[in-house]
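> The sequence shown lines up with residues 732 to 973 when you count with the working numbering. The structure that follows is given in the form of structure tokens.
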Amino acid sequence: MTTDTLVTVAPTTPETVSRSTIPMSQKIAFGVGMLANQMFPAALGIFMVILVQSLGMSPILWGLIFFLPKLVDALTDPLMGYISDRTESRWGKRRPFVFIGAVIAGLAYIAMWQLSAENSQTYNFWYFLAWSIVFFLGMTVFSVPYVAMGYEMSSDYHERTRLMAVAQWIGQWAWVIAPWGWIVLYDPNWFASATEGARTLSIYVGVTCMLLAMVPAIFCHSVDTTNTNAKESNSSISDTFR
Numbered sequence: 732m733t734t735d736t737l738v739t740v741a742p743t744t745p746e747t748v749s750r751s752t753i754p755m756s757q758k759i760a761f762g763v764g765m766l767a768n769q770m771f772p773a774a775l776g777i778f779m780v781i782l783v784q785s786l787g788m789s790p791i792l793w794g795l796i797f798f799l800p801k802l803v804d805a806l807t808d809p810l811m812g813y814i815s816d817r818t819e820s821r822w823g824k825r826r827p828f829v830f831i832g833a834v835i836a837g838l839a840y841i842a843m844w845q846l847s848a849e850n851s852q853t854y855n856f857w858y859f860l861a862w863s864i865v866f867f868l869g870m871t872v873f874s875v876p877y878v879a880m881g882y883e884m885s886s887d888y889h890e891r892t893r894l895m896a897v898a899q900w901i902g903q904w905a906w907v908i909a910p911w912g913w914i915v916l917y918d919p920n921w922f923a924s925a926t927e928g929a930r931t932l933s934i935y936v937g938v939t940c941m942l943l944a945m946v947p948a949i950f951c952h953s954v955d956t957t958n959t960n961a962k963e964s965n966s967s968i969s970d971t972f973r
């Protein structure tokens with residue numbers, strides 16, 4: 732006895748194709764955000780030398796400045812993911828946070844480097860630490876929803892892979908560009924001191940990265956979630972840490 736099995740195949744429509752295929756313009760827009768996501772830490776690594784070499788900060792305090800903001804960052808990343816997943820917005824779950832995070836990180840980066848050798852070591856430490864924490868909070872608000880956005884731009888695994896390949900290729904240029912900051916910071920033809928250079932260059936870096944980070948929030952497509960029940964999941968924030 733034979734049994735015929737009827738298999739229904741959904742027809743391919745322009746709408747289904749558009750959901751799976753990401754236009755190159757969208758890939759580039761998303762990749763520009765990756766350039767900002769990589770440029771912020773790349774530039775920060777270049778500038779951090781100034782704290783010890785030009786401002787004479789104790790290596791112990793310097794180590795704390797590295798450790799404490801990253802500790803806050805590690806604790807807030809899961810929380811940001813939880814908040815973003817449950818957000819209802821006409822602009823989607825991710826774009827509002829990407830935009831707001833870009834602004835916070837950009838402005839905090841500028842404020843963070845308005846230091847002077849005339850200030851005491853204690854003042855510079857607490858000032859930099861406070862703004863560094865604000866900066867990493869801004870990066871959390873930006874980067875966690877930004878990365879999640881990339882996985883939601885297509886239903887096709889291979890298309891998402893191509894998206895991430897383009898984004899990473901663009902983002903890696905940050906590590907090619909950033910080391911040139913050393914030449915500018917310590918060249919007396921540019922600035923009288925590296926501290927003065929950091930105060931000025933941080934403005935260019937902060938504003939440029941802020942604008943780059945805004946690109947995916949403005950140009951990448953998202954789904955209106957105002958009519959969805961973002962609270963339908965029974966998971967809690969504690970489940971994130973399990």
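Yeah, the Cβ is synthetic: ideal placement off N, Cα and C, and Gly gets one too.
Since glutamine 757 is in the alpha helix (DSSP H), which residue starts that stretch and which ends it?
As a first step, residue 757 must be located in the sequence shown, where it is residue number 26. Its alpha helix (DSSP H) spans residues 755-778.
> For the stretch 851-870 against the stretch 904-917, are there 3 or more C-beta pairs whose distance is under 8 angstroms?
Flag = no, the stretch 851-870 and the stretch 904-917 do not touch.
> Go ahead and label glycine 787 buried or exposed: buried means 16 or more other beta carbons lie within 10 angstroms of its beta carbon, across all protein chains shown.
Translated into positions along the sequence shown, residue 787 becomes position 56. By the neighbour-count rule (16 or more Cβ atoms within 10 Å), glycine 787 is not buried but exposed.
> When you compare only the Cα positions, how much space is there between threonine 997 and phenylalanine 856?
The chain is shown only over 732 to 973; residue 997 falls outside these bounds and no answer can be derived.
> Please state the DSSP three-state secondary structure of glutamate 819.
By 1-based counting over the sequence shown, the position of residue 819 is 88. It is coil, neither helix nor strand.
> With contact counted as at least three CB pairs below 8 angstroms, one residue from each stretch, are the stretch 796-805 and the stretch 913-921 in contact?
Too few Cβ pairs lie closer than 8 angstroms, so no.
> Should alanine 929 and tyrosine 917 be called a contact, given that it needs their Cβ atoms to be closer than 8 angstroms?
Your numbering for residue 929 matches position 198 in the sequence shown. Your numbering for residue 917 matches position 186 in the sequence shown. Cβ atoms of alanine 929 and tyrosine 917: not closer than 8 angstroms.
> Since methionine 843 and serine 863 are thought to touch, with beta carbons under 8 angstroms apart, how far apart are those beta carbons, to the nearest angstrom?
For the purposes of this step, residue 843 is taken as residue 112 along the sequence shown, with counting starting at 1. For the purposes of this step, residue 863 is taken as residue 132 along the sequence shown, with counting starting at 1. Contact holds; Cβ gap of about 6 angstroms.
> For a test of the three-state rule: what should DSSP assign to threonine 752, helix, strand or coil?
Your numbering for residue 752 matches position 21 in the sequence shown. Coil at threonine 752, not helix or strand.
> On the three-pair Cβ rule with 8 angstroms, is the stretch 844-851 touching the stretch 810-826?
In short, these stretches do not touch, since the Cβ pair count stays below three.
> Could you give the residue range of the alpha helix (DSSP H) that holds arginine 826?
Residue mapping note: residue 826 aligns to position 95 of the sequence shown, counting from 1. Segment 826-843, the alpha helix (DSSP H) holding arginine 826.
> Can you look up leucine 786 in the DSSP assignment and give me helix, strand or coil?
Locating residue 786 in the sequence shown gives position 55, counting from the first residue. In this structure, leucine 786 counts as coil in the three-state DSSP scheme.
> Once you ignore the five residues that flank phenylalanine 950 on each side, which residues in its own chain have a CB closer than 6 angstroms to its CB?
Translated into the one-based positions of the sequence shown, residue 950 becomes position 219. Correct list, in chain order: Ala760.
> With 16 as the cutoff for other CB atoms within 10 Å, does methionine 755 come out buried or exposed?
Translated into the one-based positions of the sequence shown, residue 755 becomes position 24. Classification for methionine 755: exposed.
> Does proline 876 pass the burial test, meaning 16 or more other C-beta atoms within 10 Å, or should it be called exposed?
The residue labelled residue 876 in the question sits at position 145 within the sequence shown. The residue in question, proline 876, is buried, as its Cβ has 16 or more Cβ neighbours within 10 Å.
> In the structure shown, what three-state DSSP assignment does methionine 884 receive?
The residue you call residue 884 lines up with position 153 of the sequence shown. Here methionine 884 sits in coil by DSSP.
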